[in-house]
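S.K.: Sending over a structure as structure tokens; questions will come in a sec.
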Amino acid sequence: MNLFNNKTEVLERQDAIIFGTEGNEALKEAYIRLKDNILYYGIDGNKKVIQIESSIGDEAKTTTIANVAVALGLSGKKVCVIDLDFRKARLHRTFRIENINGITDYMVGRISKEELYKKTSYENVTLVNRGSEIQNSSIILTSDKIKKFFQELR
2 MNLFNNKTEV
12 LERQDAIIFG
22 TEGNEALKEA
32 YIRLKDNILY
42 YGIDGNKKVI
52 QIESSIGDEA
62 KTTTIANVAV
72 ALGLSGKKVC
82 VIDLDFRKAR
92 LHRTFRIENI
102 NGITDYMVGR
112 ISKEELYKKT
122 SYENVTLVNR
132 GSEIQNSSII
142 LTSDKIKKFF
152 QELR
């Protein structure tokens, strides 16, 4: 059964984070188990980069990313969520943050690294939003600057 596409249960983007709300206990437990599995496989202490992607829309990628990030944050882990969806950036809405001064703006030199990180209302969770629209995202995704960015973030 697909819990995410049941049209009577679809959450608005800005209400997709279920931690700190009443109800959805089974779904919360699923995200906690996913968080526990991520932590278990990171037992060696290395900082991890987790990538969630799909070529198809409406598969709950944004919801999953946000809820796993919050679950990790609530367990004391520092989490930086980076929205690299250059076509339909949505994580800023989920975390209720304006989509300005994001990763695209940093990569093209419009803003400093300090302006890039946005504190969310969730403990230990920081967001790097997409920012300005860009026509050719492969320029950013294959750049040395983004490789360096991820190396420094770890």
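FYI, in the numbering used here the residues of the sequence shown are 2 to 155.
Cβ coordinates follow ideal geometry from the N, Cα and C atoms, glycine included.
Where does residue 155 land, buried or exposed, given buried means 16+ other C-beta within 10 angstroms?
M.R.: Mapped onto the sequence shown, residue 155 falls at position 154. Burial call: exposed.
S.K.: State the DSSP-derived secondary structure class of residue 10, mapped to helix, strand or coil.
M.R.: For the purposes of this step, residue 10 is taken as residue 9 along the sequence shown, with counting starting at 1. For residue 10, the pLDDT reaches just 47, beneath the cut-off of 50, and the residue's location in the model is therefore unreliable, although a value from the coordinates is still provided. Here residue 10 sits in coil by DSSP.
S.K.: Which residues mark the beginning and the end of the beta strand (DSSP E) in which residue 126 is found?
M.R.: Here the question's residue 126 lines up with position 125 in the sequence shown. Element bounds for residue 126: 126 to 129.
S.K.: In whole angstroms, give me the CA-to-CA distance for residue 118 and residue 26.
M.R.: Position 117 of the sequence shown holds residue 118. Position 25 of the sequence shown holds residue 26. Between residue 118 and residue 26, the C-alpha separation is close to 31 Å.
S.K.: If you draw a straight line from the alpha carbon of residue 107 to that of residue 131, how long is it in whole angstroms?
M.R.: Indexing the sequence shown from 1 puts residue 107 at position 106. Indexing the sequence shown from 1 puts residue 131 at position 130. Roughly 10 Å between the two C-alpha positions.
S.K.: How would you write the range of the beta strand (DSSP E) that residue 140 sits in, first residue to last?
M.R.: Along the sequence shown, read from residue 1 onward, the residue named residue 140 stands at position 139. It is not in any beta strand (DSSP E) - residue 140 instead sits in the alpha helix (DSSP H) that spans 138 to 142.
S.K.: Runs of 3 residues minimum, wholly inside the segment 25 to 106: which ones carry the beta strand (DSSP E) assignment?
M.R.: The segment 25 to 106 contains these whole beta strand (DSSP E) runs: 80 to 83.
S.K.: I'd like the span of the alpha helix (DSSP H) that includes residue 1, first residue to last.
M.R.: The shown model of the chain, from 2 to 155, leaves out residue 1, and the question about it has no answer.
S.K.: Among residues of its own chain, excluding the 5 on either side of residue 57, which ones have a beta-carbon nearer than 6 Å to its beta-carbon?
M.R.: Reading the sequence shown from its first residue, position 56 is the one you call residue 57. Answer for residue 57: no residue qualifies.
S.K.: Going by C-alpha distance, which of 39, 100, 112, 19 is nearest residue 64?
M.R.: Counting from one through the sequence shown, the residue named residue 64 turns up at place 63. If we check each option's Cα against that of residue 64, 19 comes out closest.
S.K.: Just tell me which of 133, 75, 146, 109 has its CA closest to the CA of residue 84.
M.R.: One-based indexing of the sequence shown puts residue 84 at position 83. Of the listed residues, the one whose Cα sits closest to residue 84 is 133.
S.K.: Compute the Euclidean distance between the alpha carbons of residue 81 and residue 59, then round it to the nearest angstrom.
M.R.: Here residue 81 refers to the residue found at position 80 when the sequence shown is read from its first residue. Here residue 59 refers to the residue found at position 58 when the sequence shown is read from its first residue. Answer to the nearest angstrom: the Cα atoms are 23 Å apart.
S.K.: Check this for me: beta carbons of residue 79 and residue 125, under 8 Å apart or not?
M.R.: Against the sequence shown, residue 79 aligns to sequence position 78. Against the sequence shown, residue 125 aligns to sequence position 124. Yes, the Cβ-Cβ distance between residue 79 and residue 125 is below 8 Å.
S.K.: With DSSP collapsed to three states, give me the class of residue 2.
M.R.: Position 1 of the sequence shown holds residue 2. Since pLDDT at residue 2 reaches only 42, below the 50 mark, its modelled position is unreliable, and the value read off the structure follows with that caveat. Coil at residue 2, not helix or strand.
S.K.: Leaving aside the five residues before and after residue 127 along the sequence, list all residues of the same chain whose C-beta is less than 8 Å from its C-beta, in chain order.
M.R.: Here the question's residue 127 lines up with position 126 in the sequence shown. Contacts found: 79, 80, 81, 82, 118, 119, 120, 121.
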